[in-house]
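Undergrad:
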Amino acid sequence: MTEAEVDERIRGLIEPFNKKGVAITSATTFANDLEFDSLTVMDFVAEIEDEFDIIISMNQQAEIETYGLLVSAVHKLQDS
Amino acid sequence: MTDNATLAEAAPATETHDLFSKFDPIIQTRETLLASGVEDPFNLVMEKVLSPTRAICNGRDTILLGTYNYMGMTFDPDVLDAGKQALTDFGAGTTGSRVLNGTYQGHRECEDALKEFYGMDHAMVFSTGYQANLGIIATIAGKGDYVVLDIDSHASIYDGCAMGNAEIVPFRHNDIEAMEKRLRRIPEGAGKLVILEGVYSMLGDVAPLKEMVAIAKKYGAMVLVDEAHSMGFIGENGRGVAEEQGVMDDVDFIIGTFSKSVGTVGGFCVSNHPKFDILRLVCRPYVFTASLPPSVVATAATSIRKLMHGSNKRAHLWENSKRLHAGLTQMGFELGTSEPQSAIVAVIMPDLERGAGMWEALLQEGLYVNLARPPATPANMTLLRCSLCAEHSSEEVETILQMFERAGKTVGIIG
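Here the protein sequences come in this chain order: A and B. Note that our numbering has the first sequence beginning at -17, numbered continuously upward. Note that our numbering has the second sequence beginning at 972, numbered continuously upward.
1. Considering only their Cβ atoms, is the gap separating Gly1100(B) from Thr1228(B) smaller than 8 Å?
2. Counting contacts by CB-CB distance shorter than 8 Å, is Thr973(B) in contact with chain A?
3. Does Val1419(B) get closer than 8 Å to chain A when you measure Cβ to Cβ?
4. Just verifying my parser: in three-state terms, what is the DSSP assignment at Asn1341(B)?
5. Residues in its own chain within less than 7 Å of Ile46(A) by CB, not counting five upstream and five downstream?
6. Would you call the region 1218 to 1227 of chain B and the region 1237 to 1251 of chain B in contact, with 3 or more CB pairs under 8 Å?
7. Tell me, please, whether the CB atom of Glu1148(B) is closer than 8 Å to any CB atom in chain A?
8. Would Ile1139(B) pass as a contact of Asn41(A) if the rule is Cβ separation under 8 Å?
9. Is the Cβ-Cβ distance between Val1119(B) and Cys1132(B) less than 8 Å?
10. Decide yes or no for the touch test of the region 1059 to 1069 of chain B against the region 1258 to 1266 of chain B: beta carbon pairs closer than 8 Å, at least 3 of them.
11. What residue ranges within the region 1211 to 1248 of chain B form continuous alpha helix (DSSP H) runs of no fewer than 4 residues, ordered along the chain?
12. Name, please, each residue of chain A whose Cβ falls closer than 8 Å to the Cβ of Pro1141(B).
13. Grouping DSSP H, G and I as helix and E and B as strand, with all else coil, what is His1296(B)?
14. Name the chain A residues whose beta carbon is nearer than 9 Å to that of Glu1138(B)?
15. Could you name the residues of the region -14 to 18 of chain A whose beta carbon sits closer than 9 Å to any beta carbon of chain B, in the order they occur along the chain?
16. Distance cutoff 8 Å, beta carbons only. Does Ala1350(B) sit that close to anything in chain A?
17. Between Arg1153(B) and Val1218(B), what straight-line distance do the alpha-carbon atoms span, to the nearest angstrom?
18. Would you mind reading off the limits of the alpha helix (DSSP H) that contains Tyr1117(B)?
19. Let's see if you can read the secondary structure: which residues bound the beta strand (DSSP E) around Cys1028(B)?
20. Applying the criterion that 16 or more other CB atoms from any shown protein chain within 10 Å of the CB defines a buried residue, is Leu990(B) buried or exposed?
21. Spell out whether any CB of chain B is found under 8 Å from the CB atom of Leu21(A).
22. If we count the other Cβ atoms within 10 Å of its Cβ and call it buried at 16 or more, is Asp19(A) buried or exposed?
23. What runs of the alpha helix (DSSP H), each 4 residues or longer, lie entirely inside the region 1061 to 1104 of chain B?
24. Quick check on DSSP: helix, strand or coil for Glu47(A)?
25. Let me know the secondary structure DSSP gives Met972(B) once reduced to three states.
26. Roughly how many angstroms separate the alpha carbons of Glu1082(B) and Tyr1257(B), rounded to a whole number?
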C-alpha cells in the first residue's frame, strides 16, 4: 500500500473521531488540534490497528504527535 | 576571579522557568473544588482508629467503608502480638536491603507463609505492592519483548512498564477478543508478557481470567496476575480470582500486597518459575531499597497464615457485599457493576462537584468512602468507592445504607 493509500484510509477512520470537523493536514496534532483524550486515543488507535492488522505500541504512540507522523508510521508498519 | 565576575555580570538575568507551571491546571481544579466549601477529600486525618471499621475522622466518629481492609486483620490480637514480639526481639527496622543486611528470620518466615498460602515454589517480599509490580514487570520484560495489558491496569503496572524497555500494548478493558488480536500481531519470536488483574479496583469488576489465560498460553505468553484486591477473600482458599476460575496452574506470576486483606504494608510476587530466585539479584526495586521492618513481616506472616482458615469471614464479607450492592441499587444509585463481583462497590457520580458534595455529606453522616476521580478512574468517571470489611456487622451495613439514602437525597443524586 502506498503512503497516499494509507492516508486515504486513515482519513476515513478519523472522521467519526473528528467531532469538531477540524480540517486535517499533516501538521494537525491529536492532543491540541483534535483534542483527543486518552480514551479517544485508545479507540482511534484500535481502529487503525484492526484496519491495517498492525500493533502501534504505547512507546510508538508517544512519538506520533501529528497526523503526518501517524500516516508515515502506519505506512512503515504495514510494510514490515 | 575577575574574569568570572565579568562573565556573571555580562549574562542577562533570565527569569527562572518555574517547573511547577505544569501543575497549574490541577491546582486550579482543586482550588475551584475547595472554594465551593467542601471538606478537602484528599486531606482527611484519622485522629484515632477504633477498630478495622471505625475511626475518629476530622473529629467525627466514622464508619470506615473505604480502607481495603477486607478481612479486618489490622487489629487481630494474634497479629498484634506477633508484631510487638518482633519489635522487641529484632528492633524497629532493618536499615538494609534484602540482599545485604536486610533479610531477617521474619522475612524468610513471611515468604514461607506466602508459598504455603498460594501453594507455589517461590515467594519474594517487596517493601510495597507498588514496588512489587514496578520491579517484576520492569525486570522481566526487556528490550524487544512485548507487554500486553488491560487498559484499566493500576498505576504501578504502568509505571513498571515505563521503567522497563519492552513494547507496551494495551487492550480495551476485559475485552478477550481485543487481547487476542494484539497477541496474534506480535512478531514471531518476541517474548510476551500478559498482565491482568483479578479484581479491578475502580469498579470492583472481575477479569475473565479463565478465557484470557487460556488465550495467552495459546500464543506462548507468560502471564502475570495482580491479585491485590482478591487475596484472602476470593477463591476457596482465598488465593484470588485465578483460583476461583481454576487457572492457578497457568499463571506464571501472582503479584499481591500486604496492605489490603493482610492488614499491614508490603508487596510480593509468588511463582513456580524454576529460575525465579535470580530476580533477587537483578530486580532494582527489590535491591535498592530497605527491607520491611521486622514487626511488619511478623504481622504479615501471622495474618497470612490466619487467612488460610478464614472461610467464615469470607462468607460474611460476601453477605455484606451483596447486601450493600442490592440496597444501593434499590435506592436508585448507579453502580460500577450490575451484580456484586468483589468486596468493592463503586457508586458512579454524575460529576466531580456532586461527587465531592456526596462524599462530604456521607462524611457528615459519619461514613468514610473513597472519592476517586480522573485520571485514576476509567472513562473519566467520578466514583464513590466503597470497600467492605468482614468485620462490618450486618447492622452496620444497614446503617451505611441509611446514610447513603439520606446523603443521596440531600445532594440530589437519588430521588
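Heads up, the beta-carbon is just placed ideally off N, CA and C, and yes, glycines get one too. Quick caveat, the model's predicted, so the values are computed rather than measured.
TA: Let me lay it out:
1. As a working mapping, residue 1228(B) is identified with position 257 in the second sequence. As a working mapping, residue 1100(B) is identified with position 129 in the second sequence. Yes; because the gap between Cβ atoms is below 8 Å, this pair is in contact.
2. Position 2 of the second sequence, counted from the start, is the residue given in the question as residue 973(B). Low confidence applies to Thr973(B): its pLDDT is 49, below 50, so where it sits in the model is not reliable, and the reading given next is rough at best. Closer than 8 Å: no.
3. Absent from the structure is residue 1419(B), since the part of chain B shown begins at 972 and ends at 1386.
4. Here the question's residue 1341(B) lines up with position 370 in the second sequence. Three-state result, Asn1341(B): strand.
5. Translated into positions along the first sequence, residue 46(A) becomes position 64. Only Leu52, Ala55 meet the Cβ criterion.
6. yes
7. Translated into the one-based positions of the second sequence, residue 1148(B) becomes position 177. Not closer than 8 Å to any Cβ of chain A, the Cβ of Glu1148(B) fails to qualify, so no.
8. To locate residue 1139(B), count along the second sequence from 1; it is residue 168. To locate residue 41(A), count along the first sequence from 1; it is residue 59. Yes.
9. By one-based count along the second sequence, residue 1119(B) stands at place 148. By one-based count along the second sequence, residue 1132(B) stands at place 161. Going by C-beta atoms, Val1119(B) is not nearer than 8 Å to Cys1132(B).
10. yes
11. 1212 to 1215
12. Taking the first residue of the second sequence as 1, we reach residue 1141(B) at position 170. Ordered by position in chain A, the residues that pass the 8 Å Cβ test against Pro1141(B) are Met24, Met40.
13. Start at 1 with the first residue of the second sequence, and residue 1296(B) comes out as number 325. In the structure shown, His1296(B) sits in a helix (DSSP, three-state: H, G or I).
14. Looking up residue 1138(B) in the second sequence gives position 167. Residues of chain A passing the Cβ test: Ile37, Ser39, Met40, Asn41, Gln42.
15. none
16. Stepping through the second sequence from its first residue, residue 1350(B) is reached at position 379. Yes, because at least one Cβ of chain A sits closer than 8 Å to the Cβ of Ala1350(B).
17. As a first step, residue 1153(B) must be located in the second sequence, where it is residue number 182. As a first step, residue 1218(B) must be located in the second sequence, where it is residue number 247. Looking at the two C-alpha atoms, the distance is approximately 21 Å.
18. On the second sequence, position 146 is the one that residue 1117(B) refers to. Per DSSP, Tyr1117(B) belongs to no alpha helix (DSSP H); it is in the beta strand (DSSP E), 1117 to 1121.
19. Within the second sequence, the letter at position 57 stands for residue 1028(B). Residues 1025 to 1028.
20. Within the second sequence, numbered from 1, the residue matching residue 990(B) stands at position 19. The residue in question, Leu990(B), is exposed, as its Cβ has fewer than 16 Cβ neighbours within 10 Å.
21. As a first step, residue 21(A) must be located in the first sequence, where it is residue number 39. Yes - at least one Cβ of chain B is within 8 Å of the one on Leu21(A).
22. On the first sequence, position 37 is the one that residue 19(A) refers to. Asp19(A) comes out exposed.
23. 1076 to 1089
24. Counting from 1 along the first sequence, the entry for residue 47(A) is found at position 65. The answer is coil: DSSP assigns Glu47(A) none of H, G, I, E or B.
25. If you number the second sequence from 1, residue 972(B) lands on position 1. Note that Met972(B) scores 47 on pLDDT, short of 50, meaning its location in the model is unreliable and no value can be drawn from it.
26. Here residue 1082(B) is taken as the residue at index 111 of the second sequence, counted from 1. Here residue 1257(B) is taken as the residue at index 286 of the second sequence, counted from 1. For Glu1082(B) and Tyr1257(B), the distance between alpha carbons rounds to 14 Å.
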